[in-house]
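**Q** Dropping a structure here in structure tokens format, bear with me for questions.
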Amino acid sequence: MTHGRITFADSPWPGGHALDRIELTVRGDDEGALRLHLHAETQDYDAENPGVQPVAGDGATPWQQPEVWQRYTSAILSSTKWGNAGVKLPVAADKFRETMLDQLELTADPTSKVSLDEAAEELAFGCYVLGQDLSGDHRIRFTRVGSYTYDLTWTGQIAATFIGEQDFSAGHRFELVAEGVRLS
């Protein structure tokens with residue numbers, strides 16, 4: 100059974116949100132390279148404390164206001180939902196073994212190279228946090244805990260473009276930690 104949480108720095112929920120679903124796949128692309136794909140969805144933002152409203156302080160940014168988050172219900176970080184690229188694996192398809200993911204750390208989309216003008220599908224992952232936003236600075240680390248089963252830590256940064264942010268300067272970091280994720 101997979102268990103996991105995602106936290107968003109400086110959000111109204113410092114304890115984060117339980118994952119409702121996480122999927123890990125490896126598949127070939129049109130150019131013959133192998134790509135790692137992840138799809139993660141949270142439970143509703145207020146699922147663990149229904150009816151309890153976190154309070155934002157005076158001068159809170161939209162990112163810090165619970166009522167803004169609740170308009171968008173839950174988060175999705177995914178390379179599969181919107182046809183994003185995923186992360187290219189450093190191994191040829193004919194040489195790949197699932198054990199190669201053990202202790203592997205992958206990176207993608209440094210925020211200094213992500214542009215609002217870039218086609219979102221060109222990025223490794225799409226995201227829906229406060230609407231359809233941009234994500235970058237991904238770092239994903241795997242620990243093999245069984246045959247085709249991994250614990251993973253995925254960190255990155257969100258630009259809340261749907262609510263008007265123009266870049267990653269607000270520093271909205273996320274961390275997703277999941278246990279027992281099955282590679283399919």
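Quick note: the sequence shown uses the working numbering, first residue 100, plus one each step.
C-beta: ideal position from N, C-alpha, C; glycine also.
This one's a predicted model, so the numbers in the text were calculated from it and none came from an experiment.
Using the Cα positions of E147 and T179, report the straight-line distance between them to the nearest angstrom.
**A** 27 Å
**Q** Do you know offhand how far G245's Cα is from Q202's?
**A** Rounded to whole angstroms, G245 to Q202 spans 13 Å at the Cα level.
**Q** Counting along the chain, where does the alpha helix (DSSP H) carrying R170 start and finish?
**A** 165-170
**Q** With T287 and R240 assumed to form a contact (beta carbons below 8 Å), what rounded beta-carbon distance in angstroms separates them?
**A** One cannot answer for residue 287 here, as it falls past the ends of the chain, which runs 100 to 283.
**Q** Going by DSSP, name the residue or residues bridged to K194.
**A** Beta-bridge pairing links K194 to no other residue.
**Q** Tell me which residues share the same chain as F107 and place their Cβ nearer than 6 Å to its Cβ, disregarding the 5 neighbours each side in the sequence.
**A** F273
**Q** For E278, does the three-state DSSP call read helix, strand or coil?
**A** strand
**Q** Verify whether the separation of the beta carbon atoms of A259 and D266 is less than 7 Å.
**A** no
**Q** Classify T141 as buried or exposed, calling it buried when 16 or more other Cβ atoms lie within 10 Å of its own Cβ.
**A** buried
**Q** State the DSSP-derived secondary structure class of W112, mapped to helix, strand or coil.
**A** Reduced to three states, the DSSP call for W112 is coil.
**Q** Can you tell me which of S214, P111, V190, R120 puts its alpha carbon nearest to the alpha carbon of P161?
**A** P111
**Q** May I ask you to list the residues that DSSP assigns as paired with A207?
**A** H237
**Q** Alpha carbon to alpha carbon, how far is A292 from R243?
**A** Missing from the structure shown is residue 292; the chain here goes from 100 to 283 and no further.
**Q** Do you know how far the Cα of H271 is from the Cα of S214?
**A** 16 Å
**Q** What does S177 pair with, by DSSP beta-bridge criteria?
**A** H138, G225
**Q** Just how far apart, CA to CA, sit T124 and Q256?
**A** 22 Å
**Q** Are at least three pairs of beta-carbons, each pair with one atom in the region 215-233 and one in the region 165-174, less than 8 Å apart?
**A** yes
**Q** Tell me, which residues are paired with D232 by DSSP?
**A** C226
**Q** Which of the three DSSP states, helix, strand or coil, is assigned to A117?
**A** strand
**Q** Tell me the DSSP secondary structure of A259 in three-state form.
**A** Here A259 sits in coil by DSSP.
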